[in-house]
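**Student:** Under full-length UniProt numbering, read the sequence shown as residues 1 to 82, first letter to last. Ideal Cβ positions, reconstructed from N, Cα and C, are used throughout, including at glycine.
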Amino acid sequence: MADMVGPRLYSCCNCRNQIALHDDIISKSFQGRNGMAFLFSHAMNIMVGPKEDRQLMTGLHTVADVYCCDCREKSKIVKENW
Numbered sequence: 001m002a003d004m005v006g007p008r009l010y011s012c013c014n015c016r017n018q019i020a021l022h023d024d025i026i027s028k029s030f031q032g033r034n035g036m037a038f039l040f041s042h043a044m045n046i047m048v049g050p051k052e053d054r055q056l057m058t059g060l061h062t063v064a065d066v067y068c069c070d071c072r073e074k075s076k077i078v079k080e081n082w
């Protein structure tokens, strides 16, 4: 597992595996099936599911669900160290 050093991180809700840095956010203006969705330029410690076209509030986008590579938890990422 790769660890990132930085004060503003996003991590898995289930196991706290580090997923991304706040500075890697490109956009917060997406709305997914289960709430707010972010677009990151980089992420780590994840597995990417199959790509599919989904109708979001902002239009039709090709997206993929992400899973924590440690616990396999789907798309539950939280902020920490804020």
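Hey, is N45's beta-carbon within less than 8 Å of any beta-carbon in chain C?
**Tutor:** Here chain C cannot be found, since the structure has a single protein chain.
**Student:** Report the start-end ranges of each beta strand (DSSP E) in the UniProt domain "Yippee" (8-82) that is 3 residues or longer and not cut off at the edges.
**Tutor:** Segments of the beta strand (DSSP E) lying fully in the UniProt domain "Yippee" (8-82): 9-12, 18-21, 25-32, 35-40, 46-48, 52-56, 59-63, 66-68, 77-80.
**Student:** If I measure Cβ to Cβ from G56 and keep anything under 8 Å in the same chain, skipping five residues before and after, which residues do I get?
**Tutor:** Taking the first residue of the sequence shown as 1, we reach residue 56 at position 56. A small fix is needed here, since residue 56 is Leu in this sequence, not Gly. Closer than 8 Å at the Cβ level, and outside the excluded window around L56, lie F30, Q31, G32, A37, V63.
**Student:** Cutting at 8 Å between CB atoms, please list the residues of its own chain near D24, excluding the five before and the five after it.
**Tutor:** To locate residue 24, count along the sequence shown from 1; it is residue 24. Contacts found: F40, S41, H42, A43.
**Student:** Inspect the beta-carbon positions of D70 and N17 and report whether they are closer than 8 Å.
**Tutor:** The count along the sequence shown starts at 1 and reaches residue 70 at position 70. The count along the sequence shown starts at 1 and reaches residue 17 at position 17. Cβ distance < 8 Å, so D70 and N17 count as in contact.
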